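Since the structure comes first, as structure tokens, the remarks are kept for the end.
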Amino acid sequence: MWPQAVIFDLDGVLTDTAACHYEAWKQMAQRENLYFDRSMNQQLKGVSRMHSLEIILRENGREGTYTPDKMAFLAGWKNEAYQRLLKDLTRQDILPGIAAFLDQLQNAGIKMAVASASENADTVLERLEIRNRFDYVARAKEIKRRKPYPEIFLTCAGHLGILPKQCVGIEDAQAGIEAIKAGRMFAVGIGVEVRTVRPDLELTSTAELTLERIVRGGRDE
Ligand code: B16
Ligand code: MG
3 MWPQAVIFDL DGVLTDTAAC HYEAWKQMAQ RENLYFDRSM NQQLKGVSRM HSLEIILREN
63 GREGTYTPDK MAFLAGWKNE AYQRLLKDLT RQDILPGIAA FLDQLQNAGI KMAVASASEN
123 ADTVLERLEI RNRFDYVARA KEIKRRKPYP EIFLTCAGHL GILPKQCVGI EDAQAGIEAI
183 KAGRMFAVGI GVEVRTVRPD LELTSTAELT LERIVRGGRD E
């Protein structure tokens, strides 16, 4: 039977926390008199917290002007603002088609994991009331080489005890697709703006996700 496991990205695949990240970064930027807008927020998709801050400073021509302590303080400040916003997240914020897709995978006995760059992944999944659907949730803090390196997806596969070629990865960011392909897994892209590596199966919305489509895509490979 193929696949034996499906590994999900979180933001942009299971839910859309980008709006909360935007709001929290906006508050931090206002505090620091930095410019921040929605197009800058787009660049932060799937990017770690500290790397996101570096991008915001670079876009403001302030790269290298903050001490590591100040950077850590601001990243922490943004995270507190973000966590306050997460309190409003509910089951209603699960993206279209995901609940039915998780049921389908569970009924087929397929293992499930989450490979997110977010250190708040557990909290987000709890708020969405789907934490217990996953056999493993990667700890972003323990991942040394972030996406586009395959480490986080391979770590998930290892914890599930499933070979990479039996795994499917689902991502909305180009770096995530590169990570899945570098891990030799089948990649499903959700609305990915392809600049480098193409997903094996390209979908425009999570509402299109079904096991049949993935299995068909795998056969066409
Ligand atoms: P945190 P993903 C990513 O989630 C977000 O897309 C990105 O905007 C965020 O900076 C990153 O998580 C880290 O999140 O500050 O909560 O640790 O797409 O990898 O699920
Ligand atoms: Mg994402």
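The numbering of the sequence shown is our numbering, which starts it at 3 and goes up by one. Yeah, the Cβ is synthetic: ideal placement off N, Cα and C, and Gly gets one too. Treat the numbers as computed from the prediction; the structure is a model and nothing was measured.
request  = Pull every residue with its beta-carbon under 7 Å away from any heavy atom of the ligand MG, and keep them in chain order.
outcome  = 11, 12, 13, 14, 15, 47, 48, 173, 174, 175, 178
message = Would you say the beta carbon of residue 144 is closer than 8 Å to some non-hydrogen atom of the ligand B16?
response = No - the ligand B16 has no heavy atom lying nearer than 8 Å to the Cβ of residue 144.
task = Have a look at residue 145 and residue 99 and give me their C-alpha separation to the nearest angstrom.
result = 29 Å
task = Give the range of the alpha helix (DSSP H) segment to which residue 188 is assigned.
result = No alpha helix (DSSP H) contains residue 188, which is instead part of the beta strand (DSSP E) from 188-192.
inquiry  = For a test of your reading of the model: does the CB of residue 84 fall under 8 Å from any non-hydrogen atom of the ligand B16? Yes or no.
reply    = yes
query = How would you call residue 122, buried or exposed, if buried means at least 16 neighbouring beta carbons within 10 angstroms?
reply = buried
message = I need the straight-line Cα distance from residue 111 to residue 164, nearest angstrom please.
response = In a straight line, the C-alpha of residue 111 is about 13 Å away from that of residue 164.
ask   = Does at least one heavy atom of the ligand B16 sit under 8 Å from the Cβ of residue 161?
value = no
query = residue 113 by DSSP, collapsed to three states: which one?
reply = strand
task = Give me the Cα-Cα distance between residue 174 and residue 73, rounded to the nearest whole angstrom.
result = 27 Å
request  = Check whether the segment 179-188 touches the segment 136-155, counting contact only when three or more Cβ pairs, one atom from each stretch, lie closer than 8 Å.
outcome  = Counting Cβ pairs under 8 Å, three or more are found: they touch.
query = Does the beta carbon of residue 93 come closer than 9 Å to any beta carbon on chain B?
reply = You won't find chain B in this structure, because it holds only one protein chain.
inquiry  = Shorter than 8 Å, the distance from the beta carbon of residue 133 to the closest heavy atom of the ligand B16, or not?
reply    = No; taking the cut-off as 8 Å, the Cβ of residue 133 has no heavy atom of the ligand B16 nearer than that.
key: Of the listed residues 31, 41, 126, 171, nearest to residue 203 (C-alpha basis)   = 171
task = Tell me whether the beta-carbon of residue 30 lies closer than 9 Å to the beta-carbon of residue 80.
result = yes
The alpha helix (DSSP H) enclosing residue 219, as first and last residue numbers = 213-222
CB contact flag (residue 131, residue 93, <9 Å) = yes
key: Selected residue, minimal CA-CA separation from residue 103, among 221, 135, 201, 218   = 135
key: C-alpha distance - residue 76 paired with residue 101, whole-angstrom precision   = 35 Å
inquiry  = Less than 9 Å between the beta carbons of residue 192 and residue 15, yes or no?
reply    = Contact check for residue 192 against residue 15 passes: the beta carbons are separated by less than 9 Å.
key: Paired residues, beta bridge with residue 205 - DSSP   = Answer is 192, bridged to residue 205.
request  = Could you tell me whether the Cβ atoms of residue 115 and residue 137 are closer together than 9 Å?
outcome  = yes
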